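So the sequences go chain by chain: A and B.
Residue numbers for the first sequence follow the numbering used here, beginning at 116 and rising by one.
Residue numbers for the second sequence follow the numbering used here, beginning at 1013 and rising by one.
A short worksheet on the structure shown next.
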Amino acid sequence: MFDYTFQWNQVLVRLPKMLDGALVTMEVAVLSMLIGITLAIILTILRLSGSRPLKAVATGWIEIARNTPALFQIYMAHFGVASFGIHFSPFVSLLIGITFNNAGYLAENFRGALKAIPDTQARAGRSLGMSQIQAFGYIILPQMLRISFLPMTNQMVWAILMTSLGVTVGMNSDLYGVTQDLNALTFRTFELFAIAGVIFYVITKFITLSARIIASRLFRY
Amino acid sequence: MFETALSAADLIFLAKGAGITIVVTAISVVIGTVLGILFGVLRVQLGPILSAPLTLFLDIFRSVPLLIQLVLANSFIGMVLKLQLSGFFVACMVLSLYTSAYCAELVRGGIDAVPGITRRAARSLGMSWAQDMRYIVLPLATRVALPSWIGLALGVMKDSALVYVVQVTELLKSTQILITRLQEPLFLLLICGAFYFIISFPLARFGGYLEKRSSND
Chain A
116 MFDYTFQWNQ VLVRLPKMLD GALVTMEVAV LSMLIGITLA IILTILRLSG SRPLKAVATG
176 WIEIARNTPA LFQIYMAHFG VASFGIHFSP FVSLLIGITF NNAGYLAENF RGALKAIPDT
236 QARAGRSLGM SQIQAFGYII LPQMLRISFL PMTNQMVWAI LMTSLGVTVG MNSDLYGVTQ
296 DLNALTFRTF ELFAIAGVIF YVITKFITLS ARIIASRLFR Y
Chain B
1013 MFETALSAAD LIFLAKGAGI TIVVTAISVV IGTVLGILFG VLRVQLGPIL SAPLTLFLDI
1073 FRSVPLLIQL VLANSFIGMV LKLQLSGFFV ACMVLSLYTS AYCAELVRGG IDAVPGITRR
1133 AARSLGMSWA QDMRYIVLPL ATRVALPSWI GLALGVMKDS ALVYVVQVTE LLKSTQILIT
1193 RLQEPLFLLL ICGAFYFIIS FPLARFGGYL EKRSSND
């Protein structure tokens, strides 16, 4: 039917290289999530704070992260800041871009989660003698993270998918970058990217499944 | 003080890129929404077991990076099927399916949000399945799904920045071409980012407003 011979062997012998790339992809995604969650919590606190300039900074960050393409944000982190004489390696640029994006989206999720927590809880904590920081840290924060666990999982999947954009700033050690390099070497475009796609699929499924298991253990009651 | 080598012709070049971004987005969102409604209704009608193949198929579009989808579609059409299709066509095709995968999920959520009792009431009043869908489910599900749908459409616009990989010169790619020539990355990127922001921000706010309004009552 097709006038094309698939040569999967060509790709399968290079599978170990691609799996190494998958590890780098995971590494970037996990790092960007960890830093992203931390930043998102800070952004949420800034938004709750009474100070106007701090609120403006947080809102600006969140709106820019949510209303421009992730690819643009990564370009900005790589080529944009280069105008100021700051040159990041592709890895760092990619990490900054994805983290910026993650923090914006997560902060918005956190805001939604905060709405679900009654004000009375913080007040109850305060009247038990907790400081404002204690009330936030011990009462609000754990519930907020718990309510937004599912959106966080989704964001993690997004982070994995976004790592494929690193190739545009010259990243060649992640899964997409490795695949691209192998493609230049072998020209088995379809086979290579099909395998890369399968690896991405397995990774995202692994994440959603393990998140489901973790959620069922953590939030049993 | 502030000087730039950006000429009027370059601005027209950028505007053309912006036009391509909008056209690709519009085509993909329209086709993707129609397909998404079809897939979503099918999934609900068939039940979880019968629709498993469809679910798996749509799941692929949501679990594999768009870049890889585009490269795969392009190489499959070009190298395996040996068809000469324009990058624009491939981009629209992949983005449409990509949109439909997310849209099917929204449609399913919207239909599930209509209480079964309401639908049974409609059927027991003598409405046919089609009438029930048309007059009961559609209006109620639309209200639930519309805010997320706006978010999806904006998401597709932002993701359309990736179609450069199949040789479509949309906004971000044209910006990059200009950067290579003019060597003013920050200024050009800010123009490009501002364009996305100006389109996306008001619509996102509108979606948020709709969501708030429907959750209040």
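No residue lacks a Cβ here, since even glycine has one placed at the ideal position from N, Cα and C.
Quick caveat, the model's predicted, so the values are computed rather than measured.
Going by beta carbon distance, what residues of the same chain come within less than 8 angstroms of residue i, once the five residues before and after it are set aside?
i                       : result
residue 1201 of chain B : 1187, 1191
residue 1225 of chain B : none
residue 283 of chain A  : 186, 189, 190
residue 353 of chain A  : A query on residue 353 of chain A cannot be resolved here, the shown segment of chain A reaching from 116 to 336 and no further.
residue 1162 of chain B : 1215, 1216, 1218, 1219, 1222
Between the C-alpha atoms of residue i and residue j, what's the straight-line distance to the nearest angstrom?
i                       : j                       : result
residue 1121 of chain B : residue 174 of chain A  : 29 angstroms
residue 1184 of chain B : residue 1208 of chain B : 10 angstroms
residue 262 of chain A  : residue 1125 of chain B : 20 angstroms
residue 1013 of chain B : residue 1196 of chain B : Low per-residue confidence applies at residue 1013 of chain B: pLDDT is 43, beneath 50, and the placement is therefore not dependable enough to give any value.
residue 1008 of chain B : residue 1213 of chain B : Because chain B here runs from 1013 to 1229, residue 1008 of chain B falls outside it and cannot be looked at.
residue 120 of chain A  : residue 1093 of chain B : 11 angstroms
residue 1215 of chain B : residue 235 of chain A  : 34 angstroms
residue 309 of chain A  : residue 237 of chain A  : 51 angstroms
residue 161 of chain A  : residue 170 of chain A  : 6 angstroms
residue 1193 of chain B : residue 1026 of chain B : 13 angstroms
residue 1140 of chain B : residue 167 of chain A  : 56 angstroms
residue 1083 of chain B : residue 138 of chain A  : 22 angstroms
residue 255 of chain A  : residue 232 of chain A  : 7 angstroms
residue 1178 of chain B : residue 230 of chain A  : 43 angstroms
residue 1070 of chain B : residue 1063 of chain B : 11 angstroms
residue 1058 of chain B : residue 1110 of chain B : 21 angstroms
Thinking residue i and residue j are a contact (beta carbons under 8 angstroms), I'd like their distance in whole angstroms, please.
i                       : j                       : result
residue 1108 of chain B : residue 1043 of chain B : 4 angstroms
residue 177 of chain A  : residue 212 of chain A  : Not really, about 16 angstroms apart at Cβ, beyond 8 angstroms.
residue 215 of chain A  : residue 286 of chain A  : With 8 angstroms as the limit, residue 215 of chain A and residue 286 of chain A do not qualify as a contact, their Cβ atoms being about 16 angstroms apart.
residue 280 of chain A  : residue 221 of chain A  : That pair is no contact at about 18 angstroms.
residue 1075 of chain B : residue 316 of chain A  : 5 angstroms
residue 1036 of chain B : residue 1104 of chain B : 6 angstroms
residue 1131 of chain B : residue 1149 of chain B : 7 angstroms
residue 141 of chain A  : residue 318 of chain A  : 7 angstroms
residue 136 of chain A  : residue 290 of chain A  : 4 angstroms
Compare the C-beta of residue i with all C-beta atoms of chain A and state if any pair is closer than 7 angstroms.
i                       : result
residue 1013 of chain B : Because the pLDDT of residue 1013 of chain B is 43, which lies under 50, any placement of that residue in the model is unreliable, and the number read from its coordinates should be weighed accordingly. It does not; no Cβ of chain A falls within 7 angstroms.
residue 1213 of chain B : yes
residue 1079 of chain B : yes
residue 1205 of chain B : yes
residue 1092 of chain B : yes
residue 1233 of chain B : Look at the range of chain B in this structure, 1013 to 1229, and you will see that residue 1233 of chain B is not part of it.
residue 1084 of chain B : yes
residue 1153 of chain B : no
residue 1208 of chain B : yes
residue 1170 of chain B : yes
residue 1075 of chain B : yes
residue 1019 of chain B : no
residue 1101 of chain B : no
residue 1173 of chain B : yes
residue 1087 of chain B : yes
Against chain B, with Cβ distances strictly below 7 angstroms, would residue i count as a contact?
i                      : result
residue 184 of chain A : yes
residue 131 of chain A : no
residue 151 of chain A : no
residue 305 of chain A : yes
residue 119 of chain A : yes
Ordered along the chain, which non-local residues of its own chain (more than five positions away) have a Cβ less than 7 angstroms from that of residue i?
i                       : result
residue 330 of chain A  : 264
residue 157 of chain A  : none
residue 150 of chain A  : 214
residue 1112 of chain B : 1044, 1047, 1048, 1051
residue 1056 of chain B : 1120, 1123
residue 1106 of chain B : 1081, 1082, 1085
residue 303 of chain A  : 122, 125, 126
residue 1182 of chain B : 1029, 1032, 1033, 1036, 1172, 1173, 1175, 1176
Could you name the residues of the same chain whose beta carbon sits closer than 6 angstroms to that of residue i, not counting the 5 residues immediately before and after it, in chain order?
i                       : result
residue 1117 of chain B : none
residue 246 of chain A  : none
residue 1223 of chain B : 1159
residue 298 of chain A  : 304, 307
Using a Cβ-Cβ cut-off of less than 7 angstroms, list which residues of the segment 186–198 of chain A approach chain B; keep chain order. Here the close residues are 186, 187, 190, 191, 194, 195, 197, 198.
At a Cβ cut of 7 angstroms, what residues of the segment 1179–1205 of chain B count as close to chain E, listed as they run along the chain? Given the protein chain composition of this structure (A and B), no chain E is represented.
Within 9 angstroms of chain B by C-beta, residues of the segment 266–280 of chain A in sequence order: Correct list: 272, 275, 276, 277, 278, 279, 280.
In the segment 164–183 of chain A, which residues sit with their C-beta less than 9 angstroms from some C-beta in chain B, listed in chain order? Of all residues in the segment 164–183 of chain A, only 178, 179, 181, 182, 183 place a beta-carbon less than 9 angstroms from a beta-carbon of chain B.
Against chain B: residues of the segment 307–333 of chain A by CB proximity under 7 angstroms: Under the 7 angstroms Cβ criterion, the segment 307–333 of chain A contributes 308, 309, 311, 312, 315, 316, 319, 320.
Going along the segment 290–305 of chain A in order, which residues come within less than 7 angstroms of chain B, judged by CB to CB distance? The segment 290–305 of chain A vs chain B, Cβ under 7 angstroms: 291, 304, 305.
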